[in-house]
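> Position in the sequence shown (first residue = 1) + 2 = my numbering.
Right, I'll just put the structure down here and ask away after.
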Amino acid sequence: MGKKQGRKAGNSKNKSTSPPAKERSSSPATDQSWTENDFDEMREEGFSPSNFSELKEELRTQRKETKNLEKKVEELTARVINAEKVINEMKEMKTMTREIRDKCTSFSNRLDQLEERVSAIEDQMNEMKREEKPKEKRRKRNEQSLQEVWDYVKRPNLRLIGVPESEGENGTKLENTLQDIIQENFPNLVGQANIQIQEIQRTPQRYSSRRATPRHIIARFTKVEMKSNSKTHNCQIHQS
């Protein structure tokens with residue numbers, strides 16, 4: 003019994019001095035050396051080759067799991083980095099969105115101001131149109147008055163009735179006849195009045211010997227300072 007206890011103590015000593023299984027190299031040469039040197043001791047402690055193989059397989063499985071975990075950690079780290087990038091991009095987009103919203107608000111305010119200005123201009127234009135209507139009416143009245151004055155100016159200024167006529171009369175002869183009538187009826191006007199004849203003729207223009215009364219003489223003056231009405235024996239002067 004003492005021998006067994008000594009062997010157990012020796013085994014315990016060897017067991018304490020031997021390196022842990024995790025610290026041993028996993029290379030084939032090391033595994034083979036470890037198996038040859040310690041196989042007897044492992045058998046005495048209740049280990050069998052099958053248990054040792056299971057332990058090795060378990061270690062390999064744990065290493066694979068560790069590598070998988072490391073890989074997952076790396077993937078999670080990459081995801082975290084990508085997530086941080088996405089968050090930063092979202093922050094930038096949020097800032098840009100805020101700036102765009104501020105610009106849109108500014109544009110909207112400017113558009114409102116522009117609409118107010120356009121509305122004010124339209125009101126001014128409507129007011130100008132309302133003010134223009136009376137002016138337009140006055141302008142038309144003035145044009146009408148001017149036309150009436152012009153029509154009056156274009157009318158014959160003097161009509162001579164009952165002046166005998168002869169065949170072959172012309173403007174010069176009629177003008178001399180008018181001057182004779184003025185001198186005969188208004189002797190004082192000869193030296194005082196400034197009379198300029200623009201046109202003189204009989205109307206209608208066609209002469210007919212069968213006409214019972216002589217045609218009227220129409221005289222149009224460019225300038226005349228005095229006009230009078232007078233009746234003599236067979237000559238009448240009518241101011242038109």
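Virtual Cβ for every residue (Gly too), placed ideally from N, Cα, C.
What span of residues does the alpha helix (DSSP H) with Ile183 cover, start to end?
Element bounds for Ile183: Gly173 to Asn187.
> Looking at the strands, I want to know which residues DSSP matches up with Ile220.
DSSP lists Arg161 and Gln203 as partners of Ile220.
> Taking the beta carbon of Val165 as the centre, do at least 16 other beta carbons fall within 10 Å, making it buried, or is it exposed?
With 16 or more other Cβ atoms within 10 Å, it is buried.
> Whole angstroms is fine: what's the gap from Pro206's alpha carbon to Arg140's?
Each residue's Cα considered, the two are about 39 Å apart.
> Enumerate in chain order the residues of its own chain whose CB-to-CB distance from Thr179 is below 7 Å, with the five nearest sequence positions on each side excluded.
Result list for Thr179: Val165, in chain order.
> When you compare only the Cα positions, how much space is there between Pro216 and Lys135?
Cα to Cα, the separation comes out at about 53 Å.
> Which residues does DSSP list as the beta-bridge partners of Gln64?
DSSP output for Gln64 lists no bridge partner at all.
> On a CA-only basis, which of Glu124, Glu91, Ile220 and Leu148 is nearest Leu162? Give me that one, please.
Of the listed residues, the one whose Cα sits closest to Leu162 is Ile220.
> Rounded C-beta distance between Phe223 and Gln203? I'm assuming under 8 Å.
Rounded, the Cβ-Cβ distance is 13 Å, inconsistent with contact.
> Have a look at Glu138 and Val120 and give me their C-alpha separation to the nearest angstrom.
Straight-line Cα distance between these residues: approximately 26 Å.
> Do Leu191 and Ile184 have their C-beta atoms within less than 9 Å of each other?
Going by C-beta atoms, Leu191 is nearer than 9 Å to Ile184.
> Along the chain, which unbroken stretches of the alpha helix (DSSP H) at least 4 residues long are found entirely within the segment 80 to 126?
Complete alpha helix (DSSP H) runs here, min 4: none at all.
> Cα separation between Lys66 and Asn84?
Spanning the two alpha carbons is a distance of roughly 27 Å.
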